[in-house]
Every structure is written in C-alpha cells, then in structure tokens.
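As given, the protein sequences belong to chains V and S, one line each in that order.
Start counting the first sequence at 114; every next residue gets the next number (the numbering used here).
Start counting the second sequence at 114; every next residue gets the next number (the numbering used here).
For each residue, glycine too, the CB sits at the ideal point set by N, CA and C.
The next block holds one structure in the form of structure tokens; read it before the comments.
There are 2 protein chains.
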Amino acid sequence: MQFGSAEGVRVAKAATVYDVAQLAGVSTATVSDTFRRPHRVKAATRDAVKKAADALHYVPSASARGLRHGRTGAFGLFSYDYFRTDPAAEPPETSVVGPGDEIRVVRGDKGFADRQFPVYVDEVQRGVELECWRRGYALLIGGGGHANSTTAVTDIAGRVDGLAVFPYTVPDEALERISNRIPVVMLSERPHGDGLSHVTVDNSGGMRAVTEHLLAEHGLRDLLFVGGPTTFDAQQRLAGFRAALRTAGLRVPRKPFPSAVDRAEATALVGDLLARDALPEAFVCYTDETALNVLEALADRSVAVPGRVAVTGFDGILAGRIVRPALTTVRQPMEAMGRAVVDILIGRLADPAGEPAWRRLPVEVVLRESCGCRLR
Amino acid sequence: MQFGSAEGVRVAKAATVYDVAQLAGVSTATVSDTFRRPHRVKAATRDAVKKAADALHYVPSASARGLRHGRTGAFGLFSYDYFRTDPAAEPPETSVVGPGDEIRVVRGDKGFADRQFPVYVDEVQRGVELECWRRGYALLIGGGGHANSTTAVTDIAGRVDGLAVFPYTVPDEALERISNRIPVVMLSERPHGDGLSHVTVDNSGGMRAVTEHLLAEHGLRDLLFVGGPTTFDAQQRLAGFRAALRTAGLRVPRKPFPSAVDRAEATALVGDLLARDALPEAFVCYTDETALNVLEALADRSVAVPGRVAVTGFDGILAGRIVRPALTTVRQPMEAMGRAVVDILIGRLADPAGEPAWRRLPVEVVLRESCGCRLR
DNA sequence: TTGAAAGCGCTAACAT
DNA sequence: ATGTTAGCGCTTTCAA
C-alpha cells in the first residue's frame, strides 16, 4: 500500500472545511454537521461529504475547534523521569546500521545504564493515560527539566482543559496562575487549603500499620525511621510511625531522622550505625527507593536481613518485589491514583464553581520477606 | 499559599490578549510581542505587560496560536497498553479512605494483577517523551481500544504536527489520510514503500547473530524457531535465523513454525514436543515475551534450561534480566528508537517535500544464562 | 517603538 | 435540511 502522494511529497495545504464543502457542493456548516451532528444531515448529503473528505484526506483541526469551543478536549500531565538527572542533556550518540556492520555481543548486563524499574511516577502516569483514553480525552505529557519548568508547564496549561502535577515539580507562582484558569490536581497530601484538588493516600495510616506489624508480629522495639526531603507525604508517614510507637507505649524519638536518598547516604548511615554499634532492630523507610538503598548498604556490610535487622518501605514499586529479600512495604494504588486524577478533572469541568476535590485512597501493607515474615 | 480566587471558584472567563492589553494600556500586538519577540518591546512596556499578565493570570491559548500559526508545537504518539486486553473496560472500583477504616494487610503478591514489567512499547514511549521534552515539543499520547482506533487516531492527528504509531495499531485507511497531512513515523520494518517514515532495528542481523552464537559457541544443531503473528519484523527475524542455519550448512526447516504468544500456547507446544520426544536443543524465540512463556512452560515440565535445552529471545525487556535463568536475547535500543522518531519528525517538518526517512538502528546480543553461557 | 486589523478553521445561532 | 455568518484568541504584516 502506498500512502501519501507520489514520493511521499506533501505539498498541498491541508484540506479544510471549505475545501470539503466546495468539493461536496454543500456549505461548511453541513460539513461540520456531518461529523459533529450527523443526524441533522440527510444520509445522501452525509455520504457526499464523507466522500469528499476522504478524497481530500480531511483531518479536522483541533486548534480551530478548540478555539471556537473554548475547550481542547485534552488533559495535561506534568511528569518527570526519575532516573534522568538532566533531561535536557544530549542523549548518547546513536548510529544507524550500515551494510556489513558487526553486531555487538555483550556478556550480561554490566554497565548497562538504560531504563531501570518503573517507579511511582511511571505507574501513576500509566493510570492517567488509561483513564484519559477510556473517557475520551487526549493526554498531553509534559515534563523534564526543572530548569524552565514555569515556561514548560505554562505551555502545557495553554493546551489543555485540566492539569495534573506531581508535587515540587512546578513553582508556586506558575501553579497559582494556571489554577486560576483551569482545574489543577496535585498528587500529594493536601497542604492547608491551597485551592487545588488533591489525590493522595492514607500515608499516616499505612505507615502506622506497617510499624504496628513490626511491633506486634515480630516483637521489635528498637525502630529507626529513615526519611528524606520533608514533603507533606513524608510528614504524614512520619506521623504514622510515631503514632504506632506512642500507642505501643514506646519512647517516641525526636528528630532529626537520618535519610538515605541515594546509595552513598545509605552506605554512610549503615557504616556509622555499625561503627557506633547502634544498629536498630528495624529500618522503617519512608519510600521503597530508600529501603532499597538501605538493603544494599546492609548487604555490602553482610548484615543479615531479616536475620539481624528488618527493613520496610513505602510505595509498592516493582523493584521491591524482585529484590531479595523481597521488600515488605505499604502499597499505594498507583494506577487508581492516576485514574482518580482524571475523574476529578472531569468533575471540575462539569462544575467549575464547586470546591476543589480531595481524594484519599486506601493503601495496603504488603508483607514479604524483609520484615521477617516467612511467605507460604 | 492559597491559589485561585476565594474558595477556589473560577468564574471569570480566562484572560486573553485583549484583557492584558487593556489593563496594560497597550495594543494586543504589544502583548504578543512581549512574549514572542521581547526584544522588539521597550523594557518599560514589557514590564507593564508582564505585570498585567500576572495580575490577570494570563495563560496564552495554544488553540489560538496553533490556528494562527498552522502548527501546534506538539507531536502525537499512538500507543497502547500491552497488559490491558480491553482498555475501555470499567476499571476496578476504588474507594476512598474513611475515618476508622481498617488497613488491609496482605501476605506476598499472590493475586496481585497490577502492572507488570515494562515492555517494548513502554520503553519506546519513554524515549519519545524524553526527546520531545528535550526538543521543546509537547507530546500527546493517545491509544487504547483497537475498537475505534480510526476515530481516536484521527483526533490525535488533528492536534499535532507529526505522529508516531506502532505497527498494526491503526487501520491503513486512517494512516493514509493522516500521512497526507502530517508526517507519520512507524516503528517497524519498512514494507516496500508505504510512503511513511520508519524506525526499525537490524532484526535479521540480530537474530542471525544470536543463532550463530548457539551454533558456534554451544555447538547446537537442532534449533526450533518459535514465532507469532507474521509481522514485518517477525519475517526479518525469521530470515536471520534461516540465514545463520544456511551459512552453517545446516538444513533450513520449512514453515510453519510453532508459536507461543501466551502461556497456554507455550504449554501446549512443550507438551506436544515432549510427547513426541522431539524436544529441540534450543528454542529460538522471536520475542522476549514468547521466550518467557516457553521458559515457564519448560519449568512446569521440569525441563532443565540451559541444561537440557537452550532458550533465546528478542527485545531486551526488563523481565528477561530478572527471570531465572536470565534470558539470552537481542537487545533493541528502545529509548534511542523513541528518540529517533522525534528526530525524524522534526526533520520532516523542516523539509516537508523530502523523502520519508528510514532509520535502522543497531541491536546487540546480550548473553545471559538461558543459552548455556556462564556469566562471570 | 507601537497600533490597527486581517485571518487562521471551525461551529453554533440564526435564517432560509 | 441546509446555508450564512460571526467570532473564538492569537500573531503578523503594514502603517504610523
């Protein structure tokens, strides 16, 4: 099958309603009606219009429709790539295959720095995509550099009827401007009335539950909370941890808590604890990523998990299922969160004068091996 | 911080250039210039305009700009979710957290049907996203049901300056129409002149190389090719397999080849082979997914891999790294393929009268355990 | 350096 | 059942 005109040359201007109308011998209104309100057009006329449209390869312009309508029919998601420090960086050079090129053979995956496991952001994004498709909306994915995120996100905002953002990816000024024009949903705990809609999970309840598991089922007493940046969600998780200790009548430690956001920090933390002979009975980590770092640092120093110390995470990312020992964690319903975002946006469009929405979804504790549980 | 007007009510119509111009006491042209060609506006005027724009929460309408400009500044990707048979299906009911709700505790991941490993399409999509962001394009992700894909893809096409599609996701008629209006890149081998641009990999070379590895390094002779739907890419891979056999002076088997696109088929295939005592020395599978199915079916029947039989795949998806034995495969540069798509689209925009592009990227053979290699 | 105004393609209100 | 037409918000000549 041969598409396009000869040699794939596309010189003619794209066909418009006017062209179709002329060829079909009708008015532009009838062309529009044929596609948008077909019942108002006589069948014969409809066929003639469709035939003309086919012949001219007519594709309606969403810009024109959006301008006329005041709505674009698309939502936006301002996302990011967790593994890319600088998305603006030049990507690695890629060659193309020439005749007689050797095919590289490598043993194992050593030094293969390509995409890792999907993390929180990826899984939520997929939920947003699926629900947009299901509800008939197009989805505009923006993201990348934090450098010019104001420009980038404002550009996205101008193209959509509603926007979803992850916390701390967009400057407050930009958010304020945008949220005044279209509904915005943020994927985080809801800071005291910021006028945005929020989708979040039961951060404190989940962390409390996993902590209680450590306390009640494994009889542990000396738990160390490992945190990171003080986000709203992190605060809630810490609160849940403390609540569990308090309820159990244990001493609730004061801040500061150590963090282990990367391998180096985790290594330092474990090394320090070991040096001071102060290893706790459990590392209660505020994210799976942190827990994975701690797990590796512990393995490096040959500290047995769960034999000598337990480790728990929070999120439920895929990597935690795969790693050995498998990570006990609190699973967020990431796909459902993404879907909820879209549902809220649609609701806000239907009732722009209503209150911002705030949806807190349930989590579940997933018991695997790193807490000391024996599966099956 | 409080965004939005009181109670988050958004009643006023969105501000336009006219509003900003009026408030700043300038013409609409000056407002436009302030943002698009700032150097042509006196600094003081610029500041005044920006101040007015801030005050009014002005966000330029991409629809209007797109209409005026004839370009939208966005690309489209028509994607799909590999694990979702019917994306139009109602998603599972999700509740919200109420006060006093119990937190569910589950042991292990039994019955957890959420998102699996990322596959080919996910990794290519991420490449497209990253390159779009890097080059300053917005990315519209469409996809989902194959039911109304003509409607869906045409809708996307109307919103973008260029479109990327995976093979067999869009009916030919739709592609023809669209490719007449905007550049289209397909992620597949290039069927004899379809007028589209293509990004592909060295399918035959890669399959030939992995087959030669089985022949030369492991001394195997009785190889079974396991295929699936007869796509362009599949045909090339089969050709590579046959070429390797031919070169080695081995008998090149005729079609038909068995397939194992799902677990059931793989189980049946292995069962049949076992019953006929006709197990080959190696299963050379045309995708990783198929190889993974075969691996599982073999494990079910306690056939040792690589002890009794070798298995190889094609793609390089994450799951193949994780599974035991780790899967020997041919890795496609998926992120680079996604990036190439965007690069081509930008090129075609710059030179609409040029030839469709055709970029064939190199693959590499990744030796892991399932072929019989011992790592490290 | 700034302003006036045309026009991008579409659709809905209104007219026929 | 179909046609006429205004106008959505923006940018870009062209003129001042």
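*Can you give me the start and stop residues for the beta strand (DSSP E) that G318/V sits inside?*
For G318/V, there is no enclosing beta strand (DSSP E); the residue is found in the alpha helix (DSSP H) stretching over 316 to 331.
*Identity of the residue in Q445/S, S310/S, A439/S, L458/S nearest L405/S by Cα*: Nearest option by C-alpha distance: A439/S.
*Should N316/S be flagged as near chain V, meaning a C-beta pair shorter than 8 Å?*
Not closer than 8 Å to any Cβ of chain V, the Cβ of N316/S fails to qualify, so no.
*asked:* Contact criterion: CB-CB distance below 8 Å. Does T442/V meet it with respect to chain S?
replied: Not a single CB atom of chain S sits nearer than 8 Å to the CB of T442/V.
_Counting only Cβ-Cβ distances shorter than 8 Å, please list the residues of the segment 402 to 424 of chain S near chain V, keeping chain order._
The residues in question: there are none.
*Determine the direct distance from the alpha carbon of L300/S to that of V479/V, and round the result to whole angstroms.*
The straight-line gap from Cα to Cα measures roughly 39 Å.
*Counterpart residues of D428/V in DSSP-defined beta bridges*: By DSSP's assignment, D428/V forms a beta bridge with R444/V.
*When the cut-off is 8 Å and only beta carbons count, does P446/V lie next to chain S?*
Interface flag for P446/V against chain S is set, since a Cβ pair is found closer than 8 Å.
*Have a look at A357/S and F345/S and give me their C-alpha separation to the nearest angstrom.*
Going by the C-alpha atoms only, they are around 19 Å apart.
*Since R452/S meets chain V, which of its residues come closer than 8 Å, beta carbon to beta carbon?*
Simply P204, T207.
*asked:* Could you compute how far the alpha carbon of G306/S sits from the alpha carbon of E468/S?
replied: So the alpha carbons of these two residues sit roughly 11 Å apart.
*Counting Cβ pairs, one atom from each stretch, are 3 or more of them under 8 Å apart for the segment 209 to 224 of chain V and the segment 237 to 246 of chain V?*
Result no; under three Cβ-Cβ pairs closer than 8 Å.
*asked:* Tell me which residues share the same chain as A352/S and place their Cβ nearer than 7 Å to its Cβ, disregarding the 5 neighbours each side in the sequence.
replied: Closer than 7 Å at Cβ, skipping near neighbours: S317.
*Which full runs of the beta strand (DSSP E) of 3+ residues lie inside the segment 189 to 252 of chain S, going along the chain?*
For the segment 189 to 252 of chain S, whole beta strand (DSSP E) runs of length 3 or above, ordered along the chain, are 217 to 220.
*asked:* If I measure Cβ to Cβ from L252/S and keep anything under 8 Å in the same chain, skipping five residues before and after, which residues do I get?
replied: So the qualifying residues of the chain are A187, F188, G189, L190, V241, E242, C245, W246.
*asked:* Please report whether the beta-carbon of I430/V lies at a distance below 8 Å from any beta-carbon of chain S.
replied: Contacts with chain S at 8 Å (Cβ-Cβ) do not include I430/V.
_For a test of the three-state rule: what should DSSP assign to T400/V, helix, strand or coil?_
In this structure, T400/V counts as coil in the three-state DSSP scheme.
*Closest by C-alpha distance to A423/S, when choosing among L276/S, G255/S, E482/S*: Checked all of L276/S, G255/S, E482/S; the closest Cα to A423/S is E482/S.
*asked:* When you compare the segment 174 to 188 of chain S with the segment 280 to 296 of chain V, are there three or more beta-carbon pairs, one atom per stretch, that lie closer than 8 Å?
replied: Cβ pair count under 8 Å is below three, so no.
*Could you check where the beta strand (DSSP E) with A277/S kicks off and where it finishes?*
Counting along the chain, the beta strand (DSSP E) containing A277/S begins and ends at 275 to 278.
_Chain-ordered neighbours of C486/S on chain V, where CB pairs are closer than 9 Å_ = Per Cβ cutoff of 9 Å: R220, G221.
*State the beta-bridge partners of A395/S as determined by DSSP.*
For A395/S, which the question treats as bridged, DSSP gives the partners L336/S, A423/S.
_Just verifying my parser: in three-state terms, what is the DSSP assignment at H182/S?_
H182/S: helix per DSSP, three-state reduction.
*How long is the line joining the alpha carbons of V298/V and G275/V, rounded to whole angstroms?*
The alpha-carbon atoms of V298/V and G275/V are separated by roughly 8 Å.
*asked:* Tell me which residues share the same chain as S118/V and place their Cβ nearer than 7 Å to its Cβ, disregarding the 5 neighbours each side in the sequence.
replied: Caution applies to S118/V, whose pLDDT of 43 falls short of 50 and renders its modelled position unreliable; the model cannot decide the point.
_Contact set between P231/S and chain V, taken where Cβ atoms lie within less than 7 Å_ = By Cβ distance, chain V contributes P231.
*asked:* Judging by CA-CA distance, which residue of L309/V, A377/V, T313/V, E203/V is the nearest neighbour of Y233/V?
replied: If we check each option's Cα against that of Y233/V, T313/V comes out closest.
*Applying a beta-carbon distance threshold of less than 8 Å, which residues of chain S neighbour G332/V?*
Chain S residues near G332/V: none, gap ~17 Å exceeds 8 Å.
*Looking only at its own chain, which residues have a Cβ that is under 6 Å from the Cβ of A166/V, when we skip the five neighbours before and after it?*
Answer for A166/V: V133, listed in chain order.
*Given that T185/S touches chain V, what residues does it touch there, using C-beta distances under 7 Å?*
Correct list: S176.
*Where do the ends of the beta strand (DSSP E) carrying V479/S lie?*
Where V479/S is concerned, the enclosing beta strand (DSSP E) stretches over 477 to 480.
*Where V365/V falls, given that 16 or more other Cβ within 10 Å makes a residue buried*: Classification for V365/V: exposed.
*Going by Cα to Cα distance, which pick from R149/S, L169/S, C398/S, R153/S is closest to A137/S?*
Among R149/S, L169/S, C398/S, R153/S, the Cα nearest to that of A137/S is on L169/S.
*With DSSP collapsed to three states, give me the class of H311/S.*
Taken through DSSP and simplified to helix, strand or coil, H311/S comes out as strand.
*Would you call the CB atoms of A142/V and Y171/V closer than 8 Å?*
For the 8 Å CB-CB criterion, A142/V and Y171/V do not form a contact.
_Local conformation of R437/V per DSSP, three classes_ = Coil.
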